[in-house]
Each structure stands twice: as C-alpha cells, then as structure tokens.
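Numbers in our numbering are just positions in the sequence shown, counted from 1, shifted up by 5. First the structure, in the form of structure tokens, and then the observations on it.
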Amino acid sequence: AEGIFRITGENSQEAFVRDQLNKGVVPNGIDVHCLSGLMKAWFRELPTGVLDSLTPEQVMQCNTEEDCTNLVKLLPPT
C-alpha cells in the first residue's frame, strides 16, 4: 500500500484548504492526501531546510532512536 505522502491530493482542493488555513479556518472533511501535500509544500517553502545544519554523514549514521535524539539536539534553535 502506498503511504499518504506518495499520493498527491487534488490541486484545487489544496489551494482552497491552504487559503482557508491561512485565514485561520479549518475546513471540514479535508482529504488526508491534501493535508500531506500541504505539509510537504510547507517544508519545501521554508527559507532553509530543517536538516541543513547537519552533514549527510551525520544523518546517515542515525540508526537508532537514541542516535536520532542526539542528532536533533545538534539542530539550531528556531
């Protein structure tokens, strides 16, 4: 089965939901694929990537939950 981040939502619905959320309104009955698409767009549109301060090697060596917890502590504060 494909995950929610693999299936794209309907563009017209994403535009409507984005507009509503930007106005502080949460519409009823939002498709999960629409929400996942908006989440991906939000991360894409950030001025810098969330993990940009880490090297690819640091990320690739994150094999356990403890490794990942320690790696997150290296991220700059927001």
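Beta carbons are placed, not taken as given, at the ideal position from N, Cα and C, and that holds for glycine.
Please work out which residues of its chain come closer than 8 Å, Cβ to Cβ, to residue i, disregarding the five sequence neighbours upstream and downstream, and give them in chain order.
i	result
E19	C39, G42, L43 and A46
V55	F48 and L80
How long is the line joining the alpha carbons of residue i and residue j, rounded to whole angstroms?
i	j	result
L86	F48	Only positions 6 to 83 of the chain appear in this structure, which leaves residue 86 out of reach.
C73	L59	12 Å
L26	P81	27 Å
R28	N68	In the sequence under discussion, the amino acid at residue 28 is Lys, which differs from the Arg named in the question. Straight-line Cα distance between these residues: approximately 40 Å.
P61	T13	27 Å
M65	V30	39 Å
T83	T53	11 Å
K16	E70	According to the sequence shown, residue 16 is Asn rather than Lys. Taking the straight line joining both Cα atoms gives about 36 Å.
E7	V37	13 Å
Can the beta-carbon of residue i be found closer than 8 Å to that of residue j?
i	j	result
L51	Q63	no
Taking 7 Å as the limit between beta carbons, can you name the residues of its chain near residue i, skipping five residues before and five after?
i	result
I35	V22
F10	S41 and K45
P32	V22 and Q25
### Query
In the region 31-61, which residue ranges form an unbroken alpha helix (DSSP H) of at least 4 residues, counting only runs that do not cross its ends?
Counting only runs of 4 or more, we get 37-49.
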